[in-house]
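Here's the structure, in structure tokens; my notes come after.
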Amino acid sequence: MKKNIFLGMLSAILLSCSGNDEIQTPTQTNCKLTGAKILSLYYDDITFSEDIINDDLSEIKFEYDNENRINVVKGGLINISTGSSLSNWVLSEESKDLITYQNDKIIVDHSYNQVAKPYTKEFVISNGKLLSRSVKKLYPFSLDPILYTYEYSENKVLEKVNGSVYRTFTLSQGNLVKIEQIKYSFPNKEIVGKEEILFLG
């Protein structure tokens, strides 16, 4: 059965801030997120095997470009061959994701330093809001991109594919608290189920 592993980066964040005796509000110029301890991660576009968790990877690290934007994420997915399956993935500190910025577009090249890459993503952002996300699966076979669009209302964000709601993200005080994913039949596109993921503080 196809499974998504739902993991989310949280907790024990290591900061490298300039310090003095006064209390300051962190800004982009004096404080950068350098790493995050892994309690769980959330990969939404990939199927995982049971052995995804790797005890050797306990922290994801970040590098920045000259404009203070994250441009490299160290720690992510690498492909492992197991029998006849070509698409088993595990988390590894060997993997690096490359992030490039082009005006209102952000392109994420997952596992760019690996031979087998799971996918690339392109995000379009306007006025601080995500408008669309294009996901192109690369391994084991290259597929046409899937385009996701986003609509906003109060504390909810609707993610749609071809006009149909795929997921609903619920926020509370700016934090993600729930994801509802609709399951559709193929090729009829009838609703056959729903999955809820709760993020508890």
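Under the working numbering, the sequence shown has 825 at position 15, and the numbering climbs by one with no breaks. Where is the CB? At the ideal position from N, CA and C, for every residue including glycine. For clarity, every value in this text was computed on a predicted model and none was experimentally measured.
Applying the criterion that 16 or more other CB atoms from any shown protein chain within 10 Å of the CB defines a buried residue, is residue i buried or exposed?
| i | result |
| --- | --- |
| Ser921 | buried |
| Gly886 | buried |
| Val1002 | exposed |
| Leu953 | exposed |
| Lys1004 | exposed |
| Asn998 | exposed |
| Arg943 | buried |
| Lys931 | buried |
| Asn889 | buried |
| Ser821 | With a pLDDT of 28 at Ser821, under the threshold of 50, the modelled position of this residue cannot be trusted, and the question is left open. |
Under the three-state reduction of DSSP, which class applies to residue i: helix, strand or coil?
| i | result |
| --- | --- |
| Leu986 | strand |
| Glu904 | strand |
| Asp831 | With a pLDDT of 46 at Asp831, under the threshold of 50, the modelled position of that residue is not reliable, and no figure is offered here. |
| Asn889 | strand |
| Glu932 | strand |
| Lys871 | strand |
| Asp954 | coil |
| Asp914 | coil |
| Glu877 | coil |
| Gly938 | coil |
| Gln991 | strand |
| Ser944 | strand |
| Ser963 | strand |
Rounded C-beta distance between residue i and residue j? I'm assuming under 8 angstroms.
| i | j | result |
| --- | --- | --- |
| Phe1009 | Val987 | 6 angstroms |
| Asp919 | Leu908 | 4 angstroms |
Less than 6 angstroms between C-beta atoms, sequence neighbours within five positions excluded: which residues of the same chain meet that for residue i?
| i | result |
| --- | --- |
| Glu961 | Leu968 |
| Lys884 | Lys871 and Lys906 |
| Ser995 | Val1002 |
Skipping 5 residues on each side, what residues in its chain have a beta carbon closer than 7 angstroms to that of residue i?
| i | result |
| --- | --- |
| Glu990 | Arg977, Thr978, Lys1004 and Glu1006 |
| Arg879 | Tyr911 |
| Pro955 | Ser944, Val945 and Lys946 |
Looking only at its chain, what residues have a beta carbon closer than 8 angstroms to the beta carbon of residue i, apart from the 5 residues adjacent to it on each side?
| i | result |
| --- | --- |
| Gln838 | The predicted model places Gln838 with a pLDDT of 47, which falls under 50 and marks its position as unreliable, so this point remains unresolved. |
| Tyr958 | Ser942, Arg943, Ser944, Val945, Glu969, Lys970, Val971 and Tyr976 |
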